[in-house]
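Enquirer:
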Amino acid sequence: MRPSTLALVALLSATALAAQAQSPADPLHVYGPGGPAPAMRDAAKAYETRTGRAVAVVAGPTPQWLDQAKADGDLIFSGSETMMTDFVSALDGRIRAEAVEPLYLRTSSILVRPGNPDGIGGLEDLFQPGRRVLVVNGAGQNGLWEDMAGRTGDIAKVRALRHNIVVYARNSAEARQAWIDDPTLDAWIIWGIWQVANPTLADVVEVEEPYRIYRDAGAVVTDTGRQDADAQPFLDFLKSDEGAAIFARWGWRTGQP
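Throughout the sequence shown, residue numbering follows mature numbering (1 follows the signal peptide of the UniProt record, and there is no 0), covering -18 to -1, 1 to 239 in sequence.
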């Protein structure tokens, strides 16, 4: 091979190595449900701005991402403690229950049509005959409506609310579509953060005490993530003051009542 050819090969090799060195690392892979996703994505952007490491957040119903999370998930987040417990089982040992970090709380709320045309003021109004109520039975909200109606120990309130429930959605995304498709639905029992993420779709009515329920979002580094230098620092960022401020903007409770 002539010297000029050797020089060209060396130059091309050096260029390729330089390009490889300058290419961004694979993103940190983060998976979880749709509820905390808007806040989680904002936190991911803030972390990337601060550190240069991209964070790819994939969110939605569990079956849509579970297999991929088993392959490359670095961090898993949840929408309730019961959901996280299910994830520990579903991920076949890739996350450890003792490593889960509860992050922030979300509050049960009632979503109503824009302008609240029926004048719904709280859960007591949903016990009245003739209301058409949408609830989620799954995805971090298992038993939520029952917990709310039953908090005073009055079975008549549980009966009254159950009589008015006309749609039991399997997850929040399915409930959102039902709310859009059926304008005869008067009220939607769900977490208040969904109104923050969908401000034109519904107005929010706070649930009065003693019916109000709180559940948390948690996060955990996977076995795969423990091999990545950014997984635990990203979780630490979520728990930081900056992370808390991001979640607060999306309607999460990040401190004392």
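A virtual CB, placed ideally from N, CA and C, is assigned to each residue, including glycine.
Keep in mind the model is a prediction, meaning the values are calculated, not measured.
1) Over what stretch of residues does the alpha helix (DSSP H) that includes glutamate 30 continue unbroken?
2) Pull up the distance between the alpha-carbon of aspartate 212 and that of leucine 105, whole angstroms please.
3) When burial is assigned at 16 or more other CB atoms within 10 Å of the CB, is leucine 220 buried or exposed?
4) Please go through the segment 158 to 197 and give each complete alpha helix (DSSP H) segment of 4 or more residues, from N-terminal end onward.
5) Are the CB atoms of alanine 26 and valine 39 within a distance shorter than 8 Å?
6) Which of the three DSSP states is assigned to arginine 114 in this structure?
7) Out of Trp161, Gly101, Arg88 and Gln123, which has the shortest C-alpha to C-alpha gap to glycine 237?
8) Straight-line CA distance for glycine 42 to alanine 142?
9) At the level of alpha carbons, what is the spacing between asparagine 98 and aspartate 185?
10) To which residues does DSSP link glycine 14 through a beta bridge?
Expert: A quick look at the data gives this:
1) 19 to 33
2) 43 Å
3) buried
4) 175 to 179
5) yes
6) coil
7) Arg88
8) 32 Å
9) 7 Å
10) Ala41
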